[in-house]
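Participant: Shown below is the structure under consideration.
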Amino acid sequence: MNSLLIPGGNVPGQSPESIGERMKTNDEQSTVLTLNKVGKSFGHLRVLKGIDLQVQRSEVVCLIGPSGSGKSTLLRSMAFLEEYDEGEIRIEGQLLGWQDTDKGRRRAPQAQINQVRRNVGMVFQQFNLWPHMTALGNVCEALRRVRKLSADDAKKRGMAMLDKVGLAHKADAYPAQLSGGQQQRVAIARALAMEPHIMLFDEPTSALDPELVGEVLQVMKTLAKEGMTMVVVTHEMGFAAQVADSVIFLDQGEIVARGTPQQIFHNAEQPRLQQFLQNYLDRNAFWQDARP
Amino acid sequence: MFDWPLLQQNAPLLLGALWVTLQVSMAALVFGFIIGIVVGSLRLSPIPLLRRLGGAYIFVFRGIPLLVQLLFIYYFLPRVGLPNVSPTVAAIIGLSLAAGAYIAEIMRGGFLAIPGGQLEAAGLLGMSDAQMLMRIRVPQAVRLTLPALVNEMILLIKASSLVSVVGLADLTRTAQNLAASDYMFVQDYLMLAGFYCLINVPLAYAASLLERRLKERTA
Amino acid sequence: MTFDPSIFTDHLGDIGAGFLVTLGTWSSGVVLGLALGMLIAVAQVFGNNFVRAPLRVLIELIRSTPFLVQLFLVYYGGPSFGISLDPIPAGILGLGVYGGVYFAQIFRTGFQSVAQGQLEAADCLGITRLQSIWRIQLPQMLVMILPALVNMVTVLCKETAVLSIITIPELTMVLTGIGSETFAFVETLLMLCIGYLILVELCSRLGMLLETRIGRFMSRQPR
Numbered sequence: 355m356n357s358l359l360i361p362g363g364n365v366p367g368q369s370p371e372s373i374g375e376r377m378k379t380n381d382e383q384s385t386v387l388t389l390n391k392v393g394k395s396f397g398h399l400r401v402l403k404g405i406d407l408q409v410q411r412s413e414v415v416c417l418i419g420p421s422g423s424g425k426s427t428l429l430r431s432m433a434f435l436e437e438y439d440e441g442e443i444r445i446e447g448q449l450l451g452w453q454d455t456d457k458g459r460r461r462a463p464q465a466q467i468n469q470v471r472r473n474v475g476m477v478f479q480q481f482n483l484w485p486h487m488t489a490l491g492n493v494c495e496a497l498r499r500v501r502k503l504s505a506d507d508a509k510k511r512g513m514a515m516l517d518k519v520g521l522a523h524k525a526d527a528y529p530a531q532l533s534g535g536q537q538q539r540v541a542i543a544r545a546l547a548m549e550p551h552i553m554l555f556d557e558p559t560s561a562l563d564p565e566l567v568g569e570v571l572q573v574m575k576t577l578a579k580e581g582m583t584m585v586v587v588t589h590e591m592g593f594a595a596q597v598a599d600s601v602i603f604l605d606q607g608e609i610v611a612r613g614t615p616q617q618i619f620h621n622a623e624q625p626r627l628q629q630f631l632q633n634y635l636d637r638n639a640f641w642q643d644a645r646p
Numbered sequence: 636m637f638d639w640p641l642l643q644q645n646a647p648l649l650l651g652a653l654w655v656t657l658q659v660s661m662a663a664l665v666f667g668f669i670i671g672i673v674v675g676s677l678r679l680s681p682i683p684l685l686r687r688l689g690g691a692y693i694f695v696f697r698g699i700p701l702l703v704q705l706l707f708i709y710y711f712l713p714r715v716g717l718p719n720v721s722p723t724v725a726a727i728i729g730l731s732l733a734a735g736a737y738i739a740e741i742m743r744g745g746f747l748a749i750p751g752g753q754l755e756a757a758g759l760l761g762m763s764d765a766q767m768l769m770r771i772r773v774p775q776a777v778r779l780t781l782p783a784l785v786n787e788m789i790l791l792i793k794a795s796s797l798v799s800v801v802g803l804a805d806l807t808r809t810a811q812n813l814a815a816s817d818y819m820f821v822q823d824y825l826m827l828a829g830f831y832c833l834i835n836v837p838l839a840y841a842a843s844l845l846e847r848r849l850k851e852r853t854a
Numbered sequence: 036m037t038f039d040p041s042i043f044t045d046h047l048g049d050i051g052a053g054f055l056v057t058l059g060t061w062s063s064g065v066v067l068g069l070a071l072g073m074l075i076a077v078a079q080v081f082g083n084n085f086v087r088a089p090l091r092v093l094i095e096l097i098r099s100t101p102f103l104v105q106l107f108l109v110y111y112g113g114p115s116f117g118i119s120l121d122p123i124p125a126g127i128l129g130l131g132v133y134g135g136v137y138f139a140q141i142f143r144t145g146f147q148s149v150a151q152g153q154l155e156a157a158d159c160l161g162i163t164r165l166q167s168i169w170r171i172q173l174p175q176m177l178v179m180i181l182p183a184l185v186n187m188v189t190v191l192c193k194e195t196a197v198l199s200i201i202t203i204p205e206l207t208m209v210l211t212g213i214g215s216e217t218f219a220f221v222e223t224l225l226m227l228c229i230g231y232l233i234l235v236e237l238c239s240r241l242g243m244l245l246e247t248r249i250g251r252f253m254s255r256q257p258r
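So the sequence lines, in the order shown, correspond to chains A, B and C. Letter 136 of the first sequence, counting from 1, is numbered 490 in my numbering, and no numbers are missing. Letter 53 of the second sequence, counting from 1, is numbered 688 in my numbering, and no numbers are missing. Letter 11 of the third sequence, counting from 1, is numbered 46 in my numbering, and no numbers are missing.
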């Protein structure tokens with residue numbers, strides 16, 4: 355397996371202000387992501403209500419819950435694609451997105467946000483590949499423009515990443531020429547190329563035709579086995595049950611239940627979780643009954 | 636820079652000329668609409684020759700600058716034995732011919748947006764082609780293209796600023812005359828611009844409103 | 036009406052010069068318009084309300100008034116603001132501002148046509164806003180907006196005829212001048228019409244060629 359996937363240690367080139375943070379990081383080496391009373395409102399609607407969460411290195415956390423429960427918003431907040439407005443999110447000890455000034459909290463400068471989040475990889479439901487670039491071009495773009503690698507180095511690294519997701523032979527294909535599953539695998543390769551310490555997946559298989567779900571889940575499973583830290587919003591309960599170290603059930607902006615897959619899927623105590631799982635089972639049963 | 640009494644003195648003159656501009660543009664919209672329906676239908680005709688004819692009309696009247704078209708009419712009409720055409724009529728002819736080409740394209744889009752099944756149904760009921768055009772295609776196409784037609788009206792009002800080349804004293808020519816006598820170029824031309832805005836800004840607002848309503852209804 | 040080619044051969048030099056003036060004002064106007072349009076569009080898409088509100092008013096004003104009136108304001112009104120321009124620079128400025136407003140509208144639609152998610156993906160990878168505009172938005176929107184851009188370029192070609200009114204010796208002015216000199220109005224105007232038709236057609240042909248060239252990645256090929 356490709357060792358490029360398992361990054362370790364800290365990233366050089368941090369600003370002087372963050373040295374104190376880094377000391378702390380070294381002490382809490384094993385915690386990659388910390389959420390502390392994170393809240394978020396859209397107008398009057400409070401979609402996240404004080405979420406606490408810690409993700410350890412190499413841990414795989416699955417977020418499940420009904421639609422509108424806030425799980426996608428929570429995940430997007432972890433990459434600061436949503437500006438959470440209460441609490442704090444720390445990535446390897448560094449506060450994400452905000453800075454505290456005497457006048458209160460301010461949005462951090464973009465460079466600082468990028469610096470904190472350079473260890474976060476994100477995979478979207480809609481892939482969000484750039485349609486005017488080839489698969490390889492998509493993977494290499496940030497290596498060239500952000501990491502400033504030479505064209506050769508970027509290409510070498512990009513090919514390794516495509517190989518990793520089994521798509522080296524599609525390097526020159528444009529997204530429109532790839533199936534949904536292949537596009538999502540390219541998107542995963544694109545995020546992996548930046549050597550993230552943590553990968554966030556936002557319903558990575560929800561936009562796929564059923565027969566293409568497997569290939570994407572397989573790639574994610576391999577990643578998990580290799581020790582990648584992952585947070586996954588998903589409707590694939592089978593994946594959560596098999597791969598997750600812990601499962602978090604979110605409903606109406608709150609964490610209603612958390613535990614091992616065993617605890618969540620087999621010993622559910624909370625009525626809301628029971629109801630959610632029952633709905634899921636009913637749907638599948640319907641599907642099973644329909645089969646000859 | 637501004638001379639208030641002069642402004643008050645000039646404004647009524649421009650208001651009168653605005654009326655000329657509006658009359659000419661409105662008339663051109665009506666005639667242009669008729670030409671547009673004919674040429675637009677030609678473009679969709681099953682007969683290749685008619686399609687070509689429609690295409691040629693649009694190509695010529697959209698491709699040549701309006702100013703040149705107007706000059707052509709001014710010099711050409713007397714040559715073909717119509718020496719005493721009034722400037723108003725010449726202006727309306729010029730604007731209508733050009734508007735017809737633009738409206739034809741708009742109407743073509745409108746006609747194409749009507750589901751073909753409707754026409755088949757009408758044909759089965761024994762409606763003639765002309766009946767289908769007037770009773771089914773045009774009313775629906777107009778509803779679908781109303782925002783575009785309002786925008787065309789704005790374009791026509793602006794285009795009519797060129798009709799002074801056929802000798803018509805429209806809004807722009809009147810302002811030019813005023814400026815030539817009082818030398819208050821900025822004031823006179825800003826007032827001129829203001830008069831155009833007076834008509835076109837509400838029209839633009841109406842067009843975007845219509846467009847939004849159309850989107851809501853078709854969505 | 037007999038056609039006498041000597042009308043043209045006698046004035047070939049003048050006609051050529053007029054053609055060059057038309058080409059020159061047109062292309063300068065297009066370049067200025069594209070630059071202004073891009074500036075306005077970027078300010079509108081990425082700027083705050085203090086930038087947007089005055090731009091909206093300016094755009095509304097220019098879209099609501101005839102090009103000729105704008106030309107008068109630049110050429111005759113300019114000196115009152117301390118900007119005395121010769122006819123040709125005034126004409127180019129007028130064309131540029133007029134075209135710029137319409138180009139801005141086109142660019143703005145283009146910016147909005149690129150899905151937000153693609154920009155989020157870029158953002159997550161640390162790609163800066165400017166890099167994003169240049170590498171992700173522009174190449175994609177160019178394909179989408181090219182037909183509209185080409186159309187606007189041909190509109191500007193036709194508007195150069197109006198420049199004759201502020202005494203710029205371009206094609207229309209030269210040929211109508213020859214017409215009134217020789218009384219061969221119909222011949223000269225016919226020639227003028229054909230000239231513009233060729234220019235406009237050439238321009239849209241080029242546009243279509245460009246479209247198929249840069250739009251290649253959009254076409255689906257068999258997997």
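By construction, the Cβ of each residue, glycine as well, lies at the ideal position given by its N, Cα and C atoms.
Spatial neighbours of A:Lys509 within its chain, please: CB distance less than 8 Å, with the 5 preceding and 5 following residues excluded, ordered by chain position.
Facilitator: Within the first sequence, residue 509 of chain A is the residue found at index 155, counting from 1. Cβ neighbours of A:Lys509 beyond the five flanking positions: Leu490, Cys494.
Participant: DSSP three-state label for A:Gln624, please.
Facilitator: In the first sequence, residue 624 of chain A corresponds to position 270, counting from 1. A:Gln624 falls in the coil class under three-state DSSP.
Participant: Where does A:Ala465 land, buried or exposed, given buried means 16+ other C-beta within 10 angstroms?
Facilitator: If you number the first sequence from 1, residue 465 of chain A lands on position 111. Exposed.
Participant: Which residue comes first and which comes last in the beta strand (DSSP E) that contains A:Val587?
Facilitator: The residue given as residue 587 of chain A occupies position 233 in the first sequence. Per DSSP, A:Val587 belongs to the beta strand (DSSP E) from 583-587.
Participant: Mapping the DSSP letters down to three states, classify A:Gly362 as helix, strand or coil.
Facilitator: As a position in the first sequence, residue 362 of chain A is number 8, starting the count at 1. Only weak support exists for where A:Gly362 lies, its pLDDT of 39 falling under 50; the value from the coordinates is given anyway. The answer is coil: DSSP assigns A:Gly362 none of H, G, I, E or B.
Participant: So what's B:Ile727 in DSSP terms, helix, strand or just coil?
Facilitator: For the purposes of this step, residue 727 of chain B is taken as the residue at position 92 of the second sequence. Here B:Ile727 sits in helix by DSSP.
Participant: Would you please state the rounded distance, in angstroms, between the beta carbons of B:Met767 and B:Leu642? I believe it to be under 8 Å.
Facilitator: In the second sequence, residue 767 of chain B corresponds to position 132, counting from 1. In the second sequence, residue 642 of chain B corresponds to position 7, counting from 1. Contact doesn't hold; Cβ gap of about 55 Å is too wide.
Participant: Please classify B:Tyr818 as buried or exposed, where buried requires at least 16 other C-beta atoms within 10 Å of its C-beta.
Facilitator: Start at 1 with the first residue of the second sequence, and residue 818 of chain B comes out as number 183. Exposed, by the Cβ-count rule.
Participant: Please return the same chain residues whose Cβ sits closer than 8 Å to the Cβ of C:Ala52, not counting the five positions on each side in sequence.
Facilitator: Along the third sequence, read from residue 1 onward, the residue named residue 52 of chain C stands at position 17. Only Pro204, Val209 meet the Cβ criterion.
Participant: Can you find a C-beta in chain B that's less than 8 Å from the C-beta of C:Arg98?
Facilitator: Mapped onto the third sequence, residue 98 of chain C falls at position 63. Judged by the 8 Å Cβ criterion, C:Arg98 is in contact with chain B.
Participant: With a cut-off of 8 Å on the beta carbons, I'd call B:Ala748 and B:Leu779 a contact; round off their distance for me.
Facilitator: If you number the second sequence from 1, residue 748 of chain B lands on position 113. If you number the second sequence from 1, residue 779 of chain B lands on position 144. That pair is a contact at about 5 Å.
Participant: Whose C-beta lies closer than 6 Å to the C-beta of C:Gly135 among residues of the same chain, with five residues either side of it excluded?
Facilitator: Within the third sequence, numbered from 1, the residue matching residue 135 of chain C stands at position 100. Excluding residues within five positions, the ones whose Cβ falls inside 6 Å are Gly68, Leu71, Gly72.
Participant: Put A:Ser395 into one of helix, strand or coil per three-state DSSP.
Facilitator: As a first step, residue 395 of chain A is located in the first sequence; it is residue number 41 there, counting from the start. Note: A:Ser395 maps to strand in three-state DSSP.
Participant: Within 8 Å, do at least three Cβ pairs link the segment 121-135 of chain C to the segment 175-195 of chain C?
Facilitator: Judged by Cβ distances under 8 Å, the segment 175-195 of chain C makes contact with the segment 121-135 of chain C, as three or more pairs qualify.
Participant: Express the C-alpha separation of A:Glu565 and A:Gln616 in angstroms, rounding to a whole number.
Facilitator: For this step, residue 616 of chain A is matched to residue 262 along the first sequence. For this step, residue 565 of chain A is matched to residue 211 along the first sequence. Roughly 27 Å separates the two Cα atoms.
Participant: Could you name the residues of chain C that B:Phe711 contacts, counting a contact when the two beta carbons are closer than 8 Å?
Facilitator: Counted from its first residue, the second sequence places residue 711 of chain B at position 76. What B:Phe711 touches in chain C: Phe220, Val221, Leu224.
Participant: Can you pull the DSSP bridge partners for C:Trp61?
Facilitator: The count along the third sequence starts at 1 and reaches residue 61 of chain C at position 26. Answer by DSSP bridge pairing: none, since C:Trp61 is not bridged.
Participant: Would A:Leu521 and A:Arg539 be called neighbours here (beta carbons separated by less than 8 Å)?
Facilitator: For this step, residue 521 of chain A is matched to residue 167 along the first sequence. For this step, residue 539 of chain A is matched to residue 185 along the first sequence. For A:Leu521 and A:Arg539, yes; Cβs fall inside 8 Å.
Participant: With 8 Å as the threshold, decide whether the Cβ of C:Glu155 is near any Cβ in chain A.
Facilitator: By one-based count along the third sequence, residue 155 of chain C stands at place 120. At least one chain A Cβ lies under 8 Å of C:Glu155.
Participant: Applying the 10 Å Cβ sphere with the 16-neighbour rule, what's the burial state of A:Thr379?
Facilitator: Taking the first residue of the first sequence as 1, we reach residue 379 of chain A at position 25. Its pLDDT being 44, under 50, A:Thr379 is placed unreliably in this model, and the coordinates cannot settle the point.
Participant: Please go through the same chain and pick out, in chain order, the residues whose beta-carbon is closer than 7 Å to the beta-carbon of C:Arg143, but skip the five residues on each side of it.
Facilitator: Position 108 of the third sequence, counted from the start, is the residue given in the question as residue 143 of chain C. Within the same chain, C:Arg143 has close Cβ partners Ala76, Gln79, Val80.
Participant: Closer than 7 Å by C-beta to C:Gly113: which residues in its own chain qualify, once you throw out the five before and the five after it? Chain order, please.
Facilitator: Numbered from 1 along the third sequence, position 78 holds the residue referred to as residue 113 of chain C. Excluding residues within five positions, the ones whose Cβ falls inside 7 Å are Ser119, Leu120, Ala125.
Participant: Using a 10 Å radius around the Cβ and a threshold of 16 neighbouring Cβ atoms, would you call B:Ser763 buried or exposed?
Facilitator: Within the second sequence, numbered from 1, the residue matching residue 763 of chain B stands at position 128. When all chains shown are included, B:Ser763 counts as exposed.
Participant: Please name the residue or residues paired with C:Gln153 in a DSSP beta bridge.
Facilitator: Residue mapping note: residue 153 of chain C aligns to position 118 of the third sequence, counting from 1. According to DSSP, C:Gln153 bridges with nothing at all.
Participant: In the structure shown, what three-state DSSP assignment does A:Glu382 receive?
Facilitator: Within the first sequence, residue 382 of chain A is the residue found at index 28, counting from 1. Only weak support exists for where A:Glu382 lies, its pLDDT of 47 falling under 50; the value from the coordinates is given anyway. Reduced to three states, the DSSP call for A:Glu382 is coil.
Participant: Using a Cβ cut-off of 8 Å (strictly closer), state whether C:Arg170 contacts chain A.
Facilitator: For the purposes of this step, residue 170 of chain C is taken as the residue at position 135 of the third sequence. By this cut-off, C:Arg170 is an interface position.
Participant: With a CB to CB cut of under 7 Å and the five nearest residues on each side skipped, what residues in its chain are close to B:Leu797?
Facilitator: Residue 797 of chain B sits at position 162 when you count from the first residue of the second sequence. Leu701, Leu702, Leu705.
Participant: Just by C-beta distance, which residues in the segment 76-104 of chain C are closer than 9 Å to chain B?
Facilitator: Of all residues in the segment 76-104 of chain C, Glu95, Leu96, Arg98, Ser99, Thr100, Pro101, Phe102, Leu103, Val104 have a Cβ within less than 9 Å of some Cβ in chain B.
Participant: Taking 8 Å as the threshold (beta carbon to beta carbon), is B:Ala814 in contact with chain C?
Facilitator: The sequence position of residue 814 of chain B within the second sequence is 179, counting from 1. Cβ-Cβ to chain C under 8 Å: yes for B:Ala814.
Participant: Assuming B:Ala653 and B:Leu806 make a contact with CB atoms under 8 Å, what is their CB distance in whole Å?
Facilitator: Locating residue 653 of chain B in the second sequence gives position 18, where the first residue counts as 1. Locating residue 806 of chain B in the second sequence gives position 171, where the first residue counts as 1. Checking the sequence shown, residue 653 of chain B turns out to be Leu, not Ala. Yes, they are in contact, since the Cβ atoms of B:Leu653 and B:Leu806 sit about 5 Å apart, within 8 Å.
Participant: Per the DSSP calculation, A:Ala611 is bridged to which residue(s)?
Facilitator: Taking the first residue of the first sequence as position 1, residue 611 of chain A is located at position 257. In the DSSP output, where bridge partners are listed per residue, A:Ala611 has A:Phe603.
Participant: Based on DSSP bridge pairs, tell me the residues matched to A:Arg460.
Facilitator: Position 106 of the first sequence, counted from the first residue, corresponds to residue 460 of chain A. A:Gln453, per the DSSP bridge assignment.
Participant: Check whether chain C comes within 8 Å of A:Glu437, counting only Cβ atoms and requiring the distance to be less than that.
Facilitator: Mapped onto the first sequence, residue 437 of chain A falls at position 83. So no, A:Glu437 is outside the interface.
Participant: Measuring alpha carbon to alpha carbon, tell me which residue in A:Glu608, A:Ala541, A:Ala514, A:Gln410 is nearest A:Val585.
Facilitator: In the first sequence, the residue the question calls residue 585 of chain A occupies position 231. For the residues A:Glu608, A:Ala541, A:Ala514, A:Gln410, the minimum Cα distance to A:Val585 belongs to A:Gln410.
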